[in-house]
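Chains as they are written, first to last, in my numbering: chain A, 819 to 1068; chain B, 819 to 1068.
In structure tokens:
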């Protein structure tokens, strides 16, 4: 077993500071800090770098987002705190709507997050008012409530840092779900149409770059990319990467 | 790949609530919430149960604590919030001193934690005043400052939820370090004399039970148990358990 290990720590430290600032400003809740820590541990098992499997999933995700009739990006507190500019940039590029959707919901926090996104360039943010709400069947948490003009009407939903319940329920309503989740064994990862197992801090900028590159592609080319993607096989690949990382220690 | 998975969630949920209460009362800091999340992810890879390797490490730890001339238990905010009664009970049983030692240090928080431990049965808590401080060489964080009558004078130190810097530095001063850390690859886990890779919520009660059982043993029997323990081999075992857990998913 190795005694010393030059594991990269800089990404997680910078990210952590961003999150703690989000917590101080009321965008992030205490449960969000714990959830972030869980992500950090799985990122550790990736060596804090994007695995090849994640690039393949990102490509499939962009193909689905660009082919969608009504794509929506669901934003929670951690996502807003960690990648505010890039998530707005992605929504403009696709283009896709932005909807605030919280597990620990309060109107004040929804509005705080919507304002924060607007200060980072968003022109419209859904989900930050009490009107035009519908419920997704099968979700027990406050996340069941979605904007009728946003997730309610969407065919493709990008859900970074999602809870398992809702990802499963969104799938059951027939929507295409793209998840960003560092735990490949989570219910969200298992339920999504496409799961990008990687740190959101690397994923969103990569989605922006990939969208710029794939925008000129034809519908049929995009369809081919999306339909050749196999989420189950891809999750098995990333699991093998993590296992290989751990085996390097024994 | 399995689609549904009946992973036990109850331990982590209850533990999480205890931690958030500690945060609300100022015992735990925001960085402690993130650190807890990292632990949760590794606990997930243990299936949230104590592996056999952890029992072996616990036995070696108790042998060292019972043989020590001056054993000390270092307590940070998360430890106090998660297992206040059991850590006090353990200190009485061995007997070992209790010293508050924080990474994010402030006299107010030290005193808050000391009071909290006293409300949970502790008669004396070291480290919660500015006098009689000495520095451990080689530690950059505020944790370098320790109580001269506590960790400063100890031969065996139990350090649950430690930072890697300090565990290494304590080892270099010639002290025997017993770590409790869910990440078997962390610098703390690698540097300690004995590493118990398990959730502190299960470890401390198990240390209490094991101490009750091993107290009647002779010095030579305790020495035999301690010296037959190989931390490197034991960490490799727990890594294999985690790898096996992940392989069950591919």
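All C-beta atoms, glycine included, are put in the ideal place defined by N, C-alpha and C.
Residues of chain B with CB under 7 Å from residue 860 of chain A, in chain order?
-> 859
Which of helix, strand or coil DSSP assigns to residue 831 of chain B = Assigned with DSSP and collapsed to three states, residue 831 of chain B falls in helix.
How should residue 1042 of chain B be labelled, buried or exposed, when 16 other C-beta atoms within 10 angstroms of its C-beta is the threshold for buried?
-> With fewer than 16 Cβ atoms within 10 Å of its Cβ, residue 1042 of chain B is classed as exposed.
Chain-ordered chain A contacts of residue 1065 of chain B [CB-CB under 7 Å] | 1061
Along the beta strand (DSSP E) that carries residue 976 of chain A, what are the first and last residues, could you check?
-> Per DSSP, the unbroken beta strand (DSSP E) holding residue 976 of chain A starts and ends at 974-978.
Could you name the residues that DSSP lists as bridge partners for residue 915 of chain A?
-> A:890
Using a C-beta to C-beta distance shorter than 7 Å, which residues of chain B count as neighbours of residue 854 of chain A?
-> 852 and 855
Simplified DSSP state of residue 997 of chain A, which is helix, strand or coil | strand
Chain A residues whose Cβ lies nearer than 8 Å to that of residue 834 of chain B | 849 and 852
Quick one: is residue 841 of chain B near chain A, going by C-beta distance under 8 Å?
-> Yes, contact with chain A.
Indicate whether residue 965 of chain B and residue 951 of chain B have their beta-carbon atoms separated by less than 8 Å.
-> Less than 8 Å separates the beta-carbon of residue 965 of chain B from that of residue 951 of chain B.
Could one say the Cβ of residue 1057 of chain A lies closer than 8 Å to chain B's Cβ atoms, at least one of them?
-> Answer yes: the Cβ-Cβ gap between residue 1057 of chain A and chain B drops below 8 Å somewhere.
Taking C-beta to C-beta, are residue 996 of chain A and residue 976 of chain A nearer than 8 Å?
-> yes
For a contact meaning CB atoms closer than 9 Å, what does residue 838 of chain A contact in chain B?
-> 848, 849 and 852
Considering residue 1014 of chain A, what are the terminal residues of the beta strand (DSSP E) in which it resides?
-> 1012-1014
Quick one: grab the DSSP three-state call for residue 951 of chain A.
-> In the displayed model, residue 951 of chain A falls within a strand according to three-state DSSP.
Taking residue 1028 of chain A as the query, report the chain B residues whose CB atoms sit under 9 Å from its CB, ordered along the chain.
-> Under the 9 Å cutoff, chain B gives no residues; its nearest Cβ is about 25 Å from residue 1028 of chain A.
Among all the DSSP beta bridges, which residues are the ones paired with residue 965 of chain A?
-> A:951
Could you pull out every residue in the same chain whose Cβ sits closer than 7 Å to the Cβ of residue 904 of chain B, ignoring the five residues on either side in sequence?
-> 1022, 1023 and 1026
Is the Cβ of residue 896 of chain A closer than 8 Å to any Cβ of chain B?
-> Judged by the 8 Å Cβ criterion, residue 896 of chain A is not in contact with chain B.
Using a Cβ-Cβ distance under 8 Å, would residue 919 of chain B count as near chain A?
-> Residue 919 of chain B does not count as touching chain A.
What's the C-alpha gap between residue 1067 of chain B and residue 986 of chain A?
-> 19 Å
What span of residues does the alpha helix (DSSP H) with residue 934 of chain B cover, start to end?
-> 925-937
Which partner residues of residue 851 of chain A appear in the DSSP bridge assignment?
-> Answer is none; residue 851 of chain A lacks a bridge partner.
Should residue 947 of chain B be flagged as near chain A, meaning a C-beta pair shorter than 8 Å?
-> no
Check the Cβ of residue 1001 of chain B against every Cβ in chain A and list those closer than 8 Å, keeping chain order.
-> Using a Cβ-Cβ cut-off of 8 Å, residue 1001 of chain B is close to 859 and 862 of chain A, given in chain order.
Rounded Cβ spacing between residue 978 of chain B and residue 1056 of chain B (contact assumed at less than 8 Å) = Not quite, the Cβ-Cβ distance comes to about 16 Å (not below 8 Å), so this is no contact.
If residue 983 of chain B and residue 958 of chain B are in contact, beta carbons under 8 Å, what's the gap, nearest whole angstrom?
-> 6 Å
What's the C-alpha gap between residue 895 of chain B and residue 1033 of chain B?
-> Approximately 29 Å between the Cα atoms of the pair.
Under a Cβ-count criterion, where at least 16 other Cβ atoms within 10 Å of its own Cβ denotes burial, should residue 889 of chain A be classed as buried or exposed?
-> buried
From the DSSP output, which residues share a beta bridge with residue 1035 of chain A?
-> Per DSSP, none; premise fails for residue 1035 of chain A.
With 16 other Cβ atoms within 10 Å as the buried cut-off, status of residue 992 of chain A = exposed
Can you tell which of B:911, B:936 and B:860 has its C-alpha closest to the C-alpha of residue 1018 of chain B?
-> B:860
What's the gap between the Cα of residue 928 of chain A and the Cα of residue 919 of chain B?
-> 38 Å
Presumed contact (8 Å Cβ cut-off) between residue 1044 of chain A and residue 885 of chain A, rounded CB distance = 7 Å
Residue 944 of chain A by DSSP, collapsed to three states: which one?
-> Secondary structure at residue 944 of chain A: strand, using DSSP grouped into helix, strand and coil.
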